[in-house]
Amino acid sequence: MKVEINWKKGLLFEGITESGHSVKLDYVPDGKTSEGPAPMEVFLVSAGVCSGMDVVDILRKMKKDIKEFKIVIDGKRRKEFPRIFTDVEYNYFINGYNLNSSDVEKAINLSFEKYCSIIAMIREKVNVSYSLKML
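Structure (structure tokens):
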């Protein structure tokens with residue numbers, strides 16, 4: 037996998053993926069307007085989508101009908117540099133027609149233990165946990 041990163045101005049960068057998609061990332065002090073999310077915000081979004089794709093794919097293979105699905109991630113970072121995440125909590129909210137919590141828990145656990153590459157990369161240094169709320 038290869039990406040290209042181009043500096044635009046200030047701390048604004050544009051990343052271009054191998055598949056041709058682009059994303060702007062920016063960082064400005066609190067209260068100022070930015071032109072894109074900060075890198076650590078994008079990391080959490082990617083971490084959520086990584087697991088979310090797994091969960092949806094697994095539940096579909098189980099012939100489950102998902103009506104509504106949301107993940108809220110709470111990431112805590114240490115104060116000193118580098119300001120890495122120390123804790124990442126996934127909060128899953130899901131609703132469907134033939135869903136039960138045990139099937140959803142199974143899908144989440146498979147994502148956490150087998151499929152999500154981001155969780156696999158961070159779990160040795162970061163406390164990664166989750167909660168589930170059936171809607």
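For the numbering used here, count along the sequence shown from 1 and bump the result up by 36.
We treat Cβ as the ideally placed atom computed from N, Cα and C, and that holds for glycine.
Contact check, K103 vs N127, beta carbons under 8 Å = Taking the first residue of the sequence shown as 1, we reach residue 103 at position 67. Taking the first residue of the sequence shown as 1, we reach residue 127 at position 91. Not in contact: K103 and N127 (Cβ atoms no closer than 8 Å).
If you count every other CB in all the chains shown that lies within 10 Å of the CB of I94, and 16 or more means buried, which is it?
-> Within the sequence shown, the letter at position 58 stands for residue 94. With 16 or more other Cβ atoms within 10 Å, it is buried.
Within-8 Å CB hit, I109 to chain B = The structure shown contains no chain B; it holds only a single protein chain.
Which residues in the same chain as V78 place their Cβ atom closer than 8 Å to its Cβ, once the five residues preceding and following it in sequence are excluded?
-> Here residue 78 corresponds to residue number 42 of the sequence shown, with the count starting at 1. Here the set comprises V59 and L61.
Under 8 Å, do Y151 and D90 count as touching if we go by C-beta distance?
-> Position 115 of the sequence shown, counted from the first residue, corresponds to residue 151. Position 54 of the sequence shown, counted from the first residue, corresponds to residue 90. For Y151 and D90, yes; Cβs fall inside 8 Å.
L95, enclosing alpha helix (DSSP H) - first and last residue | Your numbering for residue 95 matches position 59 in the sequence shown. L95 -> alpha helix (DSSP H) spans P75 to K97.
In three-state terms, what does DSSP make of Y63?
-> For the purposes of this step, residue 63 is identified with residue 27 of the sequence shown, where counting begins at 1. Y63 falls in the coil class under three-state DSSP.
Identify, in the order they occur along the chain, each residue of the same chain with its Cβ nearer than 6 Å to the Cβ of A143, setting aside the five sequence neighbours on each side.
-> As a position in the sequence shown, residue 143 is number 107, starting the count at 1. Correct list, in chain order: V91, I94 and L95.
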